[in-house]
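A.B. asks: Below is one structure. I have some questions about it.
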């Protein structure tokens, strides 16, 4: 919102009621002002479900080629692959693995590779000189449905090989109340630190948290069978439980970069070690509110510069220690 960004949401093979709920939520938050919804519901023909992502992508490309930024979400490409398989089988094309036709990889690669950044020269040529000195971009976020959490299936592996990384959501974590249910072990970024701010790249903020979470999950699985754990292992498990609890986030409530960095900084520097896990979320909110109220200059610095100097780090530590002494959590 307010970022001069056009969003395209492509719903493929979803129930009409589900699509209506998404549109209602977008309207509630004022997002329909800059959002296009392309819908090919489950009641539509296979041909419509097959062509819908390409139609949505063309709309996104229009804004990209005019020197604007656009985001397109495909929800989800598994349904498109099913529709394409249905059409191919009806056309009596030779089936391959999982009965998909031989060109199912090309189906998704030609779609996702249209997500790109255009040069100033291209934008100027496309607009016949009306727009100069601007580059445009189209970012694609494809969603894939896994069957029983199997990421090695044909369509998931195809899309994983095309994209710059993936966020894997696990049913077991969702049912355990950990939401968003992100599996830190399978979720990977091939862009890495190039897409992160300096604030989130630090070792004591986001730098080591993915690895720490993945190690915690493995350790927790082994700890179920071990009766005698050493002190270091116990501490790692406690820290892991705390980070897992703090990673919980209510639906439709995104956090600013400084808010995420503040929480990770406090956890990684041991400020949450003496707080009970069940009180973690209320303590996190209390800390954010306290710093916004009493240490606005520190918060503004983190928000504007997206980095921490040595002096600012000292000021932040002093602010968190002051919050701990206040006992407002």
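In the numbering used here, the protein residues as written are 22 to 350. A virtual CB, placed ideally from N, CA and C, is assigned to each residue, including glycine.
(1) To which residues of the same chain is residue 156 closer than 8 Å at the C-beta, ignoring the five residues directly before and after it?
(2) Do residue 342 and residue 279 have their C-beta atoms closer together than 8 Å?
(3) Roughly how many angstroms lie between the CA atoms of residue 233 and residue 337, to the nearest whole one?
(4) Let's see if you can read the secondary structure: which residues bound the alpha helix (DSSP H) around residue 3?
(5) With H, G and I counted as helix, E and B as strand and the rest as coil, what does DSSP make of residue 295?
(6) Can you tell me where the alpha helix (DSSP H) holding residue 83 begins and where it ends?
(7) Based on Cα-Cα distance, which residue from 284, 64, 63, 82 lies nearest to residue 57?
(8) Opposite residue 187 in the DSSP bridges: which residues?
(9) Taking residue 160 as part of the alpha helix (DSSP H), name the residues at either end of that continuous run.
(10) Report the CB separation of residue 63 from residue 36 in whole angstroms; it is logged as a contact under 8 Å.
(11) Please confirm whether any heavy atom of the ligand FAD lies closer than 7 Å to the CB of residue 327.
(12) Taking the C-alpha atoms as reference points, what is the distance between residue 238 and residue 340?
(13) Quick check: the region 150-165 against the region 201-209, are there 3 or more CB pairs under 8 Å?
(14) Quick one: is residue 335 buried, meaning 16 or more other Cβ sit within 10 Å of its Cβ, or exposed?
(15) Under three-state DSSP, which class holds residue 288?
(16) Hey, could you find the ends of the alpha helix (DSSP H) residue 54 is sitting in?
(17) Buried or exposed: where does residue 90 fall if 16 or more other Cβ atoms within 10 Å of its Cβ makes it buried?
(18) Look at the Cβ atom of residue 75, then the Cβ atom of residue 111, and state whether they are nearer than 8 Å.
C.D. replies: According to the data block:
(1) Here the question's residue 156 lines up with position 135 in the chain shown. Excluding residues within five positions, the ones whose Cβ falls inside 8 Å are 88, 138, 139, 140, 141, 144.
(2) Position 321 of the chain shown, counted from the first residue, corresponds to residue 342. Position 258 of the chain shown, counted from the first residue, corresponds to residue 279. For residue 342 and residue 279, no; Cβs fall outside 8 Å.
(3) As a position in the chain shown, residue 233 is number 212, starting the count at 1. As a position in the chain shown, residue 337 is number 316, starting the count at 1. The alpha-carbon atoms of residue 233 and residue 337 are separated by roughly 23 Å.
(4) The shown model of the chain, from 22 to 350, leaves out residue 3, and the question about it has no answer.
(5) Counting from 1 along the chain shown, the entry for residue 295 is found at position 274. Note: residue 295 maps to coil in three-state DSSP.
(6) Here residue 83 corresponds to residue number 62 of the chain shown, with the count starting at 1. Segment 67-86, the alpha helix (DSSP H) holding residue 83.
(7) Taking the first residue of the chain shown as position 1, residue 57 is located at position 36. Closest by alpha carbon: 82.
(8) The residue you call residue 187 lines up with position 166 of the chain shown. Note: residue 187 sits in a beta bridge opposite 209.
(9) Taking the chain shown and counting its residues from 1, one reaches residue 160 at position 139. No alpha helix (DSSP H) contains residue 160, which is instead part of the beta strand (DSSP E) from 157-164.
(10) Residue mapping note: residue 63 aligns to position 42 of the chain shown, counting from 1. Residue mapping note: residue 36 aligns to position 15 of the chain shown, counting from 1. 6 Å between Cβ atoms; contact.
(11) No copy of the ligand FAD appears in this structure; indeed no ligand is present at all.
(12) For the purposes of this step, residue 238 is taken as the residue at position 217 of the chain shown. For the purposes of this step, residue 340 is taken as the residue at position 319 of the chain shown. Those two C-alpha atoms are separated by around 32 Å.
(13) no
(14) Position 314 of the chain shown holds residue 335. Counting the other Cβ atoms within 10 Å of the Cβ of residue 335 gives fewer than 16, which makes it exposed.
(15) Numbered from 1 along the chain shown, position 267 holds the residue referred to as residue 288. Helix.
(16) Stepping through the chain shown from its first residue, residue 54 is reached at position 33. Neither: residue 54 is in no alpha helix (DSSP H) and is coded neither H nor E.
(17) Here residue 90 refers to the residue found at position 69 of the chain shown. Flag for residue 90 reads buried.
(18) Walking along the chain shown from the start, residue 75 turns up at place 54. Walking along the chain shown from the start, residue 111 turns up at place 90. No, the Cβ-Cβ distance between residue 75 and residue 111 is not below 8 Å.
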